[in-house]
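Reviewing the structure listed below.
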Amino acid sequence: MLHEVLIMNGDQDYVTNSGGAEAWVLNLKGADKYGEKLRGVPSTPVKFGGVELGKMRALVYSNQARLAFIKVTEAGHSIVAYKPREVQQGFLAYLSGDLWKSGWARSSYLGEVCDRDSEMP
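Listed below in structure tokens is the structure:
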């Protein structure tokens, strides 16, 4: 069974703040030490159409589980109200699997870091 999780949180969200959400994600336990391994992945910019959605940490684990956290820049609690196009593109990339194929996610089972300087499709 494949598990894929995407969490997006506005960096100016004062209802469920991004610092708390990121701390929660980075402390997740599980069969593959999900949070601990994700802590080792640097945050990298994610852009669509030349506009930055935010900073992302993403990892494909040895058990094929996939976890991504995107801190949406310049966005409050309702991230869609602040960056509708970019949030939609990020969510579509997640649904289609492009988020994991685009070179933005690090692969823990291959030990590789993909090119992160290009924009997502």
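In terms of UniProt numbering, the sequence shown is residues 1 to 121.
All C-beta atoms in this analysis are idealised placements derived from N, C-alpha and C, irrespective of residue type, glycine included.
Whole beta strand (DSSP E) elements within the segment 12–63, 3-residue minimum: Listed in chain order, the complete beta strand (DSSP E) runs (minimum 3 residues) inside the segment 12–63 are 44–48, 51–60.
Whether Leu6 touches Leu38 by CB criterion (7 Å): A distance of 7 Å or more separates the beta carbons of Leu6 and Leu38.
Terminal residues of the alpha helix (DSSP H) in which Lys101 lies: Per DSSP, the continuous alpha helix (DSSP H) segment holding Lys101 begins and ends at 98–101.
CB of Val80 within 7 Å of CB of Val87, strictly: Yes, Cβ-Cβ distance for Val80 and Val87 is below 7 Å.
Asp13 and Gly76 closer than 7 Å at C-beta: The beta carbons of Asp13 and Gly76 sit closer together than 7 Å.
Rounded separation between Asp32 and Ser62 - CA only: Taking the Cα positions, Asp32 is about 7 Å away from Ser62.
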